[in-house]
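Have a look at the structure below before the remarks.
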Amino acid sequence: MSITAWIIIAIFTIVAIVFMTRIILDTIWQKRLNKFKESQNIAIDQIPKHVLIKNAYIAALSVFVVTGVLMTSVNYEHRIANKIYQQAQQITSKEQLSTMLSQSQYNYDGGFPENVDSLEDGAGADDRSYTDTNIQVEGVDEADVIKTDGYQIYYAPAYMNTLNVFEVDEFGDISLDMSLTLDTFYISGIFLTDTQVILIGYNYEENPYYSDALYEGWIGMSYSASVRILNRESMETIYDLETDGYFNDYRLIGDMLYLFSNKYVYLNSEEYRPTYLINQDGQSTSYQLPYENIYYFEDQMSAQMTMITSLNLSTLTFSAQAFMVGINQIYADTSSFYTTSYYSSVDEEGSYIYQNRILKFSIDSDESLKYVASATVEGYIENQYWMDAYNDYFRVVTTEWTGINRLYIFKEDEELDQLNQVSVIEEGLGKVNETVKSVRFNQDIAQVVTFEQTDPLYTINLSDPENPFILENPIEEEGYSAYLHVWGQDDYLVGFGFDADASGFVTNLKLSAYDSALTEPLDTYTFENDDENYQYNWSEAIYNPRALLINVDKGLFGFPVSSYRYSVTEQTYVYEALYYIFEIDFNRLEVIGEPIIISHDMTSYYNYIDRGVEIENKIYTFSRSEVVVYDLTLDVYSQTLKY
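According to my numbering, the sequence shown is numbered sequentially starting from 4.
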């Protein structure tokens, strides 16, 4: 409720009390006077009716005003699902937003580098088995540069303007069906449905002069975030949606595509509201989000705006809302979304406080997203795997550069737009100066890796949300896992990350297998360094788990590796594009088998291997110039396709 409303209520409440008190006192004294006159045989007078009516009218009017203000305020605060908005406030005009922006120009609202879980198993119409994109939650698809249904493979080298469509025949042989050039549209991710190919990317245009309608990118260029939907049979564009921001992330649940995009709102801009451009059936239309659909938080005044768009792929219609925060990470399941917004503020002592605002969105009856609650936590959240929702509880791990690590548990309030803190672990998670490197939630268990010089892997029991506790004797090893994957049963984990020496200096990549009931890894594969030549190995999968190929049922764990080696004899750098496939079997003494190493011709450093997919026990690896296929059953290379 606003301050003005409280002042009005206070004034009219006082007036009502004064006049009601006056009526009561007049009545009491009149009775006493009449009693005295009766004892003295004096004629009895009555209070003039017009006086009583006047006082009663003023008192009743005051009560009516107070009630009206209260009801108006309560009705104003109600938005959806019978929630009272106490934290998120609605913007009502351009002038209000302009005033807010003038106060927020120096407020930092940002984040840390993003990381992006288990590859999704699928089957075609004839039950052709395949392994698709590594996703965090079953039923919630995540975009990637490659998608397959077991029969076709759609591959778009990241941030290129080409979509390659491959066919896989009954013998597992692959051929290029088409290569679609998209002119100024550059692809960052693909979704695939039975009838549509959804491309997420950016439209780049020459822009020699300044224009505040599009986000300024390269010098002389401007770009706008765009969704392009193709008919899968004809490969013709049937719908195109552009925004005036840049995409943070996106999810696909059934026929609903959920888009999260950010933009910086400049104080002197002519238009603050998000603008959408729709191209459909040869016609172009534009849409500006009403100010009433934009919300802010009084304790986080930001010049960043996040647009949340719910696009129905069946009807090709969308709804949207925006928040004056910069969203960094997204967690989603089939009923709700949680987002993080990292920001800093200054406390009363002049010290910086680093916090994350958590926003919860429910999937409404029309399948669009609706804001329902928020909370604030201390520290930052590095990626989506640091968050999880289970049995109506939201769990999240945060870390600070000072080595303070926490695990919070929240539950949504039934009446207010807030997440109520149920419990928090603030001590014992990591040694002195250690920060969190990876997190994995699995129902009532959470596993957390911290690191400074060694890698403690902690297991946390979450079965009682009000009393979570850390199990004793964490697993320790040199280096750390940047990604954890539950393998078959609750105690088994596979971790992918970095090896390190005793001082904590990172030396190379490693793959580890754990039984969380023990105190040491079951097995570790470490990438060897070349003693004679300087060598460095890197993998996109370290920070982007969507680049991993994982099939627990088949025991497969694969990822691309770019190897850089300086040859002393040749006095030059040698680049190698490699793809490693490991067999994982926790029933063997050596859990991690020796890898199959698939190589591509690396004519230059950018011709690295992007992804690998598995179809019917064959591994298809993709770079920008070729596809190399390896048959796991026969243990041989089966095909190389140049394109």
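We put the beta carbon where it would ideally sit given N, CA and C, even for glycine.
Going straight from the alpha carbon of Glu-197 to that of Ile-407, what length do you get? For this step, residue 197 is matched to residue 194 along the sequence shown. For this step, residue 407 is matched to residue 404 along the sequence shown. Sequence inspection shows Asp at residue 197; the Glu mentioned does not correspond to that position. Approximately 47 Å between the Cα atoms of the pair.
If you follow the beta strand (DSSP E) that Glu-418 is in, where does it begin and where does it stop? Translated into positions along the sequence shown, residue 418 becomes position 415. For Glu-418, no beta strand (DSSP E) segment is defined, and its DSSP state is neither H nor E.
Can you name the start and end residues of the beta strand (DSSP E) that Met-390 belongs to? To locate residue 390, count along the sequence shown from 1; it is residue 387. For Met-390, the enclosing beta strand (DSSP E) stretches over residues 390 to 393.
Rounded separation between Leu-262 and Ile-595 - CA only: The residue given as residue 262 occupies position 259 in the sequence shown. The residue given as residue 595 occupies position 592 in the sequence shown. The straight-line gap from Cα to Cα measures roughly 38 Å.
Who are Ser-310's beta bridge partners in DSSP? Stepping through the sequence shown from its first residue, residue 310 is reached at position 307. With the sequence shown as reference, residue 310 is identified as Met, and Ser is not the correct amino acid for it. In DSSP, Met-310 forms a bridge with Ser-264 and Ala-325.
What runs of the beta strand (DSSP E), each 3 residues or longer, lie entirely inside the segment 562 to 598? Counting only runs of 3 or more, we get 575 to 586.
Which one of Asn-610, Tyr-611 and Phe-625 has the shortest CA to CA distance from Glu-617? Residue mapping note: residue 617 aligns to position 614 of the sequence shown, counting from 1. Checking every option, the nearest Cα to that of Glu-617 belongs to Phe-625.
Quick one: using the 10 Å Cβ neighbour count with 16 as the cut-off for buried, is Gly-431 buried or exposed? Here the question's residue 431 lines up with position 428 in the sequence shown. Around the beta-carbon of Gly-431, fewer than 16 other beta-carbon atoms lie within 10 Å, marking it exposed.
Through-space distance from Leu-244 to Thr-337, alpha-carbon basis: Within the sequence shown, numbered from 1, the residue matching residue 337 stands at position 334. Within the sequence shown, numbered from 1, the residue matching residue 244 stands at position 241. Answer to the nearest angstrom: the Cα atoms are 24 Å apart.
Identity of the residue in Ile-177, Ile-587, Asp-186 and Asn-464 nearest Gly-558 by Cα: As a first step, residue 558 is located in the sequence shown; it is residue number 555 there, counting from the start. It is Ile-587.
Just mark Trp-404 as buried or exposed, buried being the case when its beta carbon has 16 or more other beta carbons within 10 Å. Position 401 of the sequence shown, counted from the first residue, corresponds to residue 404. Classification of Trp-404: exposed, given that the 10 Å Cβ count is below 16.
Report yes or no: do three or more beta-carbon pairs, one from the segment 314 to 327 and one from the segment 272 to 292, lie closer than 8 Å? As far as the Cβ criterion goes, the segment 314 to 327 touches the segment 272 to 292, which means the pair count is three or higher.
Find the nearest neighbour of Ala-544 within the set Gln-538, Ala-505 and Ile-553, judged by alpha-carbon distance. Counting from one through the sequence shown, the residue named residue 544 turns up at place 541. Ala-544 has its Cα closest to that of Ile-553, out of Gln-538, Ala-505 and Ile-553.
Using 8 Å as the threshold, is the segment 424 to 442 in touch with the segment 474 to 485, meaning 3 or more CB pairs across them? With contact defined as three or more Cβ pairs closer than 8 Å, the segment 424 to 442 and the segment 474 to 485 are in contact.
Around the Cβ of Ser-191, are there at least 16 other Cβ atoms within 10 angstroms (buried) or fewer (exposed)? Taking the sequence shown and counting its residues from 1, one reaches residue 191 at position 188. Burial check for Ser-191: the Cβ neighbour count within 10 Å reaches 16 or more, so the residue is buried.
Three-state secondary structure (DSSP) of Thr-134: For the purposes of this step, residue 134 is taken as residue 131 along the sequence shown, with counting starting at 1. Residue state, collapsed to three classes: strand.
Cβ-based burial, Glu-145 [other Cβ within 10 Å; buried from 16]: On the sequence shown, residue 145 is found 142 positions in, with the first residue counted as 1. It counts as buried.
Going by other Cβ atoms of all chains shown within 10 Å of its Cβ, with 16 needed for buried, is Leu-122 buried or exposed? One-based indexing of the sequence shown puts residue 122 at position 119. Annotation note: pLDDT 45 at Leu-122 (below 50); position unreliable, coordinate value reported separately. Around the Cβ of Leu-122, a 10 Å sphere holds 16 or more other Cβ atoms; the residue is buried.
Taking only the alpha-carbon atoms, compute the straight-line gap between Asp-258 and Glu-141 and give it to the nearest angstrom. As a position in the sequence shown, residue 258 is number 255, starting the count at 1. As a position in the sequence shown, residue 141 is number 138, starting the count at 1. Using only the alpha carbons, I get a separation of about 15 Å.
Check each candidate in Trp-541, Asp-556 and Phe-589 and name the one with the smallest Cα separation from Arg-568. As a first step, residue 568 is located in the sequence shown; it is residue number 565 there, counting from the start. The shortest C-alpha separation from Arg-568 is found at Trp-541.
Start and end residues, beta strand (DSSP E) containing Thr-529: Locating residue 529 in the sequence shown gives position 526, counting from the first residue. Residues 526 to 529.
Go ahead and pull the three-state DSSP assignment for Ser-347. Position 344 of the sequence shown, counted from the start, is the residue given in the question as residue 347. Ser-347: strand per DSSP, three-state reduction.
Whole-angstrom distance between Leu-179 and Arg-627, CA atom to CA atom: Counting from 1 along the sequence shown, the entry for residue 627 is found at position 624. Counting from 1 along the sequence shown, the entry for residue 179 is found at position 176. Between Arg-627 and Leu-179, the alpha-carbon positions lie close to 13 Å from each other.
Secondary structure at Lys-86, three-state DSSP: helix, strand or coil? For the purposes of this step, residue 86 is taken as the residue at position 83 of the sequence shown. Secondary structure at Lys-86: coil, using DSSP grouped into helix, strand and coil.
With 16 as the cutoff for other CB atoms within 10 Å, does Gly-498 come out buried or exposed? Locating residue 498 in the sequence shown gives position 495, where the first residue counts as 1. Buried.
Given 8 Å, three or more beta-carbon pairs between the segment 380 to 387 and the segment 297 to 309: The segment 380 to 387 is not in contact with the segment 297 to 309.
Buried or exposed for Met-1, going by 16 or more other Cβ atoms inside 10 Å? The question about residue 1 has no answer, for the chain in this structure spans 4 to 646.
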